[in-house]
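Participant:
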Amino acid sequence: MSHSVELDGIGMSFGSTRAVSDVSFTVGAGEFFSILGPSGCGKTTILRMIAGFLEPTEGRVLIGGRDMRGLGPNQRPTAMIFQSLALFPLMPVWENIAFGLEARGMGKAERRKRADDLLRLIALEGYGDRMPGELSGGQRQRVAIARALAVEPDVLLLDEPLSALDLKLRQHMRAELRSLQKRTGVTFIYITHDQSEALAMSDRVAVMSAGLLQQVATPRQLYDNPATPFVASFVGETNAIKGRVSAIGDGVARVDTALGPLHGRADGTLAIGQAATLYVRPEALVPGVGANTLRARVSRMDFEGAFALVHGQFSDGAALTAAVPSTRLADAPAPGTDASFFFAPEHAVVLADA
Amino acid sequence: MRDLYARFGGGLATIFLSLVLIWLAAMVLAPNLMMIDYALRPNLPPAQIGSEADTWSLDNFLYLANEGVHRAIFFKTVWASALVAALTLVVCYPIAFWMAQRATPGQLSIALMLVIIPFFINEVLRTLAWFIILAYRGPLNAVLQGIGLIDAPIRWQGDGGVLAGMVYAYILFMLLPIYNAIESLDRSQLEAARDLGSPTWRTHWRVVIPHAKAGIATGCVFTFMLAAGSYVAPALLGSPGSRWFTEIIYNWFFEGGDWNRGAAYALTLLVLCLAVVLVTLRLFRVNLTDVAK
Amino acid sequence: MTADRIFRGLFVLYLLAFVIYLFAPLLIMSVAAFNTSRFPTVIPWQGTTMDWFSAMWADAAMWRALWTSAIVAVLVVVVALPVGTAAALVLTTLHSRARSVAYAVMVSPLLTPGVVIGISTLILWRQVGVGGGIALIVVAQTTFIICYVMLMVMARLQRFDRTQEEAALGLGASRVMVFRRVLLPFLRPALLASGGLAILQSVENYNTTLFVRGFETPLTVFIATKVRTGLTPAVNALALVIIAATIIGAIAYEIARRRQVTARPRS
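Residue numbers (the UniProt record's numbering), protein chains in the order written: chain H, 1 to 354; chain G, 1 to 293; chain X, 1 to 267.
#1: Could you work out which residues of chain G lie near residue 216 of chain X, taking near to mean beta carbons separated by less than 7 Å?
#2: Are the CB atoms of residue 189 of chain H and residue 27 of chain H nearer to each other than 8 Å?
#3: Taking 8 Å as the threshold (C-beta atoms), are residue 194 of chain X and residue 72 of chain X in contact?
#4: Taking 8 Å as the cut-off, does the region 197 to 211 of chain G touch the region 118 to 131 of chain G (at least 3 CB pairs, one atom from each stretch)?
#5: Residues of the region 240 to 261 of chain G in Cβ contact with chain X at a cutoff of 9 Å, in chain order, please.
#6: Distance cutoff 8 Å, beta carbons only. Does residue 220 of chain G sit that close to anything in chain X?
#7: Within 8 Å, do at least three Cβ pairs link the region 50 to 68 of chain X to the region 237 to 256 of chain X?
#8: Just verifying my parser: in three-state terms, what is the DSSP assignment at residue 71 of chain X?
#9: When you compare the CB of residue 17 of chain H with every CB in chain X, is at least one pair closer than 8 Å?
#10: Cβ closer than 9 Å: which chain X residues qualify as neighbours of residue 147 of chain H?
#11: Taking only three categories from DSSP, how would you classify residue 140 of chain H?
#12: Just checking my contact of residue 297 of chain X with residue 49 of chain X at CB under 8 Å: how many whole Å lie between their CB atoms?
#13: Does DSSP put residue 7 of chain H in a helix, a strand or coil?
#14: Pull out every residue of the region 7 to 40 of chain X whose Cβ sits closer than 7 Å to any Cβ of chain H, in chain order.
#15: Going by beta carbon distance, what residues of the same chain come within less than 7 Å of residue 200 of chain H, once the five residues before and after it are set aside?
#16: Starting from the C-beta of residue 109 of chain H, find all residues in its chain whose C-beta is less than 6 Å away, skip the five residues before and the five after it, and write them out in chain order.
#17: Can you find the residues in the same chain that come closer than 6 Å, C-beta to C-beta, to residue 326 of chain X, ignoring five residues on each side of it along the sequence?
#18: I think residue 46 of chain H touches residue 161 of chain H, with their Cβ atoms under 8 Å apart; what is that distance to the nearest whole Å?
#19: Using a Cβ-Cβ distance under 8 Å, would residue 104 of chain H count as near chain X?
#20: Just curious, the alpha helix (DSSP H) that residue 235 of chain G is in, first and last residue?
#21: Which residues bound the alpha helix (DSSP H) around residue 263 of chain H?
#22: I'd like to check one pair, residue 176 of chain X with residue 50 of chain G: are the Cβ atoms closer than 8 Å?
#23: Need the endpoints of the beta strand (DSSP E) that residue 325 of chain H sits in, please.
#24: Are the CB atoms of residue 266 of chain H and residue 251 of chain H nearer to each other than 8 Å?
#25: Taking only beta carbons into account, state which residues of the region 111 to 133 of chain X come closer than 7 Å to chain G, listed in chain order.
#26: Any heavy atom of the ligand MG closer than 7 Å to the beta-carbon of residue 31 of chain X?
#27: Report the CB separation of residue 313 of chain H from residue 322 of chain H in whole angstroms; it is logged as a contact under 8 Å.
#28: Any idea if residue 266 of chain X is buried or exposed, counting beta-carbon neighbours within 10 angstroms, 16 or more meaning buried?
#29: Answer yes or no: does any C-beta atom of chain G fall closer than 8 Å to that of residue 242 of chain X?
#30: For the 8 Å Cβ check, are there 3 or more pairs between the region 36 to 47 of chain G and the region 55 to 64 of chain G?
#31: Based on DSSP bridge pairs, tell me the residues matched to residue 84 of chain X.
#32: Helix, strand or coil, according to DSSP, for residue 228 of chain H in the structure here?
#33: For the region 161 to 172 of chain G, which residues have a beta carbon sitting closer than 8 Å to at least one beta carbon of chain X?
#34: Look up residue 22 of chain H in the DSSP assignment and say whether it is helix, strand or coil.
#35: Residue 185 of chain X touches chain H at which residues, Cβ-Cβ below 7 Å?
#36: Given that a residue counts as buried once 16 or more other Cβ atoms are within 10 Å of its Cβ, and exposed if not, what is residue 1 of chain H?
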C-alpha cells in the first residue's frame with residue numbers, strides 16, 4: 001500500500017503554548033484513518049496542518065510523497081469537511097457541490113452534470129436547486145461530503161462532522177461514510193473524540209493526548225494491546241489495578257497488588273521492581289475463582305440488555321466493573337455481597353506507570 | 001496586517017489597505033492638518049503668502065477670545081446645545097422606556113416606523129416645516145390665539161424657534177440609543193424593584209437609568225454635537241439676535257473673506273465637540289465601540 | 001390603583017402628543033402645498049389649488065438642483081461603498097490593540113461637526129487649485145458617509161462564519177474567488193442597505209455641502225435659499241413629493257426585507 005499522507009516529526013506552537021509535539025505517522029492510500037483524542041489534544045491542529053490552514057512550526061507534511069511546505073489549502077490535493085459543515089448558505093445545493101469545479105474553471109453545463117452525478121451518489125437526486133437552509137441535518141451532511149468529493153481529492157479530511165447529529169442519524173451516517181469511502185477509494189482522515197465512532201469506522205486509529213501521539217494501531221489492536229496507560233483507559237472501559245512487577249517470563253508479568261499477585265501480558269520493556277498497572281476489561285472478568293482472582297464488595301448492578309454491568313469496590317477502595325452476559329445472569333453476584341471474579345492472563349495487560 | 005494578507009491574499013489586501021489609507025490620509029487627516037495650519041496663519045494678500053509675515057501664531061484664536069460678540073455667541077452655542085440635548089433627553093426617555101419595556105411587539109413595530117419615517121426626510125425640509133408652523137401669522141399662533149392662551153401673536157423666530165427645530169431634528173439620535181440600552185434590561189429587575197416596594201421614580205433612578213447610561217450618554221453626545229454644528233436650524237428659524245457659532249464661521253468664509261480666522265473658529269468648534277464627546281464618554285465610562293451603532 | 005390609572009392615562013396622552021409633535025409639522029407643510037395663499041400656510045385657507053405643483057414642475061432651477069443632487073449621490077455611493085467595505089474588512093481582520101486605535105480614527109468623521117468637514121475639505125483642496133463644486137461635494141460627503149457604510153458592513157460581518165472562507169479555499173478557490181463568491185454575496189444585504197443610506201445622507205446633507213458647493217446648487221441648498229429669498233408653496237409641493245417618495249421607498253425597503261427574512265427562515 002503506497003503512502004498517501006506522511007507526517008514527519010511535525011510540531012506546532014502558538015506563542016508559548018505547545019499544541020502538537022513531534023508527531024509522525026503515515027496513512028496509506030485508500031485508508032480510513034482516524035485521529036482520536038479528548039478535546040484540546042491537538043487533533044484538529046494536525047488536521048489543519050495537513051489541510052494547509054496552519055503551517056507546522058517543525059517537521060514536514062508529505063502528501064503522495066510531495067512536501068507540502070509553502071502550499072496553501074487551495075493548492076493541496078486535500079478537501080476538508082468542517083464540524084460546522086460550512087456550506088455556503090446563499091448558493092443552491094448544486095452550486096455548493098460544484099464550487100470546487102468552478103474554482104478549477106469548469107464550464108457551467110459540465111459542472112451541473114457532475115453535481116447531479118454526485119447528488120445521485122449521496123441519494124439526494126433532484127435536490128440540486130434547493131438552498132442548504134431547506135435541508136435536514138443529515139442531508140446537509142451528505143451535501144458537504146459531496147462537495148468535498150467533487151474535487152476528487154487524494155485525501156478527505158473530516159473534522160468531527162457527525163458531532164452535531166442526533167444519535168440515530170449519527171449511527172446511520174457512520175455506515176454511510178464507511179461505505180462511501182470504500183466505494184470511492186479516497187483516503188479519509190477522520191477526527192473524533194468519540195472512541196466508538198473511531199473503532200467502528202476506521203482501518204487504523206491514532207490516539208492523541210496533550211499534543212503527543214500515544215499509539216497508532218488497528219481498532220482491534222488498540223483495544224486488546226493498548227501501548228500506553230492513556231490508551232488503556234481512554235479506549236473502552238477498563239479496570240486499572242496498581243502494583244509492582246515481581247516476575248516476568250514468557251510474555252507474562254506478575255504484578256504484586258493490594259489484592260494479591262495478578263498475571264497479565266507484558267511486552268519486553270518491563271523490569272522487575274517497576275511500578276506498573278494491570279488493565280483488565282470488564283467483559284474479561286468471569287464470576288468465580290480461578291488463577292487471577294479479584295474479590296470485591298458488589299454495590300450495584302445495571303442491566304443493559306445484552307449484558308449486565310456489575311459495579312463493586314475492592315478492599316482498598318478502588319472501583320471494579322465487570323460485564324456479565326445476559327445468558328449467564330444467574331452467575332452474577334447480588335448487590336451487597338462479597339464476590340469473586342477471575343480472568344485469564346492473556347486478557348489482561350500490564351503497563352509500566354508513566 | 002499579516003492577518004489581512006493571509007485572509008485576502010496579496011492583491012485584494014493591497015487594494016483594501018490602499019482604499020482605507022487614501023481615505024484616512026487624504027480625506028480625514030490631511031484636511032484637518034491643513035485646517036490647523038490655516039488657523040495658525042494670518043490672512044494675507046496672495047503676494048505676501050510665504051513672506052516673513054506668514055508665520056504661525058495664535059492671533060486668530062486670540063481674536064475670538066477678545067471679540068466680545070463672537071465669544072458670547074460661542075458660549076451661547078455651547079449652553080444652548082447642551083440645553084437641546086437635555087430637552088431631547090427629557091422628551092425621549094419616557095417614549096424609549098415605553099417602547100423597550102411596555103409596548104407589545106405589534107405596538108413596537110408601529111412605533112419604530114412612526115419614529116423613523118420623519119427622519120428619512122431631509123433636515124432642511126423638517127426645518128422648513130417648523131418655519132411654516134412658527135411663522136408670525138402661522139398655525140401655531142392662530143391655534144394659541146384661538147384657544148385664548150395668548151392675545152397677540154408671538155414672534156417665535158429666534159432662540160425659541162431654533163430650540164424647537166433642533167429638538168425635533170435630533171429626536172431619533174436620542175431615542176434609538178436609549179431604546180437599545182433599556183431594551184436589554186431584564187424585565188424581572190423592574191418587577192423585583194416594584195415587589196420590594198420601590199416607587200416608580202426610584203425604580204427609574206436606581207435601576208433603569210444606571211442600566212441605560214451608555215445609551216443616554218451616546219444620545220446626549222450625538223445630540224450636542226449635531227446641535228453645536230448645525231447650520232440649517234439657526235439659519236432658517238433664528239433671528240439676527242439669535243446667531244449661532246456656525247453662522248459666524250460661515251460669514252468668515254463667504255462674507256468676511258478671512259478663511260484663516262474662519263478655520264480658527266471651525267477648529268475651536270471641533271475641539272469643543274471632541275472634548276465634550278471624550279469627557280462625556282469618560283464620565284459615563286462608555287467605550288467608543290459602543291457609541292457608533 | 002387609581003393613581004396607576006391616572007398615570008397610565010397621562011402617559012397615553014403623552015404618547016399622543018409625541019406622535020402629533022412628530023407628524024404635525026410634516027402634515028402642515030404638505031397641506032400648505034394645496035393652499036392658494038402666496039405664503040405657505042394652512043391658516044387662513046384661501047382655497048384649494050394644484051397650481052403650486054405645476055409651478056414647481058415648471059421651475060428649471062429646481063430640476064437643475066435635483067440633477068446636481070442625483071449626480072452627487074451616485075458618485076458618493078460609487079466611492080463610499082468600496083471604501084467603507086474595505087474599511088470594515090480591514091478593521092475586523094486587525095488585531096485587538098491596533099484595532100481600537102484604527103477604530104477611533106475611522107469613526108472620527110462621525111464625531112466631527114458637518115461644517116468642519118466641509119471647511120477642512122475646502123481648505124485642503126484650495127491648496128491644489130480645486131475649488132468648490134460637484135467633485136468637492138462628493139469628497140466632503142464621502143468622508144463621513146464611508147463611516148456609515150463601514151459600520152453597517154461590520155455589523156453584518158459579525159455574523160459571518162469564517163469557516164466558509166476556509167471551506168472555499170480548501171476546495172481550491174483562489175482568494176479572489178472566495179471574496180467574490182462567498183463573502184460578497186453574504187454582504188449583499190448590508191451593501192444594499194448602506195447604499196440606500198448613503199443616497200439618503202447625501203441628498204439630505206446641508207451643513208457640509210454648503211461650504212464646498214462652489215457655484216453648484218444641490219436640492220437642500222436650493223430649498224434653504226428659497227426659504228430665505230422668496231418662499232412660495234411651490235417649495236411645499238416639492239417637499240410633499242419628496243416626503244411621499246421617501247415614505248414609499250422606506251415601505252418598499254421594509255417589505256423587501258421582510259420577504260427576504262421569511263423566504264430563508266434557516267439560513
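Each residue gets a CB set at the ideal place from its N, CA and C atoms; glycine is no exception. The structure displayed is predicted, hence computed values, not measured ones.
Facilitator: For this structure:
#1: Residues of chain G passing the Cβ test: none, with the nearest at roughly 14 Å.
#2: yes
#3: no
#4: no
#5: Cβ proximity to chain X below 9 Å picks out 246, 249, 250, 253, 254, 259 from the region 240 to 261 of chain G.
#6: no
#7: yes
#8: helix
#9: no
#10: 167, 171
#11: helix
#12: What the structure shows of chain X is the stretch from 1 to 267, and residue 297 of chain X is not part of that stretch, so it cannot be assessed.
#13: strand
#14: none
#15: 174
#16: none
#17: Only positions 1 to 267 of chain X appear in the structure, and residue 326 of chain X is not among them; the question remains open.
#18: At roughly 16 Å, the Cβ-Cβ gap does not stay under 8 Å, so residue 46 of chain H and residue 161 of chain H are not in contact.
#19: For residue 104 of chain H, at least one C-beta of chain X is nearer than 8 Å to its own C-beta.
#20: 232 to 237
#21: Segment 260 to 265 is the beta strand (DSSP E) holding residue 263 of chain H; no alpha helix (DSSP H) there.
#22: Going by C-beta atoms, residue 50 of chain G is not nearer than 8 Å to residue 176 of chain X.
#23: 319 to 325
#24: yes
#25: 111, 112, 113, 114, 115, 116, 119, 120, 121, 123, 124, 127
#26: Among the ligands in the structure shown, none appear at all, so the ligand MG cannot be discussed.
#27: Actually they are not in contact, since the Cβ atoms of residue 313 of chain H and residue 322 of chain H sit about 12 Å apart, beyond 8 Å.
#28: Here the model assigns residue 266 of chain X a pLDDT of 40, short of 50, so the residue's position is not dependable and the matter cannot be decided.
#29: yes
#30: Contact holds: three or more Cβ-Cβ distances are below 8 Å.
#31: None, per the DSSP bridge assignment.
#32: DSSP places residue 228 of chain H in coil when its eight states are reduced to three.
#33: 168, 171
#34: strand
#35: 90
#36: Residue placement at residue 1 of chain H is poorly supported in this model, since its pLDDT is 44, which falls under 50; the coordinates still yield a value, given next. When all chains shown are included, residue 1 of chain H counts as exposed.
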